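Residue numbers (full-length UniProt numbering): 1 to 162.
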């Protein structure tokens, strides 16, 4: 009776090979289970995604209406500024908006699909050549301006003439 066998270049007892094969079957079963679990999570996150979010990119000026709870009251706070970055995708996506308030730069990060954000308005589309506009932190005054996108100007003129 043979007790040792070659398996991927190693000598293993036959009993270990049987357990190893069982381990592979068990791992395959666990993998299929995880796939089913991922599909359930994906459907759940798809139901949580918001459909009322406008298309905006870094460089765009946006108004974010965020709900804030103060004690027992709840009010809506307006935060208007330039989108500095967008991060992630799906349910975990977020974006950062920068504004200058009383000469001090303020950045605030919002989750994209948060129920605390009432609405997002895009006031102006900017033309930038970067995905992250961290360089705006060092600029002051007119140097921190962003050029308006040409496509937006053309659509604004068309809507004004009609």
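Just so it is clear, CB atoms sit at the ideal spot from N, CA and C, and this is done for glycine as well.
Note that the structure is predicted; figures quoted are calculated from it, not measured.
Q) For residue 118, which residues of its own chain have a beta-carbon under 8 Å away from its beta-carbon, when the five flanking residues on both sides are left out? A) 65, 66, 67 and 76
Q: Please classify residue 41: is it buried, with 16 or more other beta-carbons within 10 angstroms of its beta-carbon, or exposed?
A: exposed
Q | Given 8 Å, three or more beta-carbon pairs between the segment 101-112 and the segment 124-132 | A | no
**Q.** Alpha carbon of residue 27 to alpha carbon of residue 129, nearest angstrom
**A.** Here the model assigns residue 27 a pLDDT of 45, short of 50, so the residue's position is not dependable and the matter cannot be decided.
Q | Alpha carbon of residue 106 to alpha carbon of residue 36, nearest angstrom | A | 43 Å
Q) Do you know offhand how far residue 49's Cα is from residue 87's? A) 15 Å
Q | Which of helix, strand or coil DSSP assigns to residue 124 | A | strand
Q. Between 137, 90 and 151, which lies nearest to residue 43 when the distance is taken from Cα to Cα?
A. The closest CA to that of residue 43, considering only 137, 90 and 151, is found on 90.
Q. By DSSP, does residue 132 sit in helix, in strand, or in coil?
A. coil
Q.
Helix, strand or coil, according to DSSP, for residue 116 in the structure here?
A. coil
Q) Taking the continuous beta strand (DSSP E) assigned at residue 101, which residues delimit it? A) 94-101
Q: Give the secondary structure of residue 68 by DSSP, where H, G and I count as helix, E and B as strand, and everything else as coil.
A: strand
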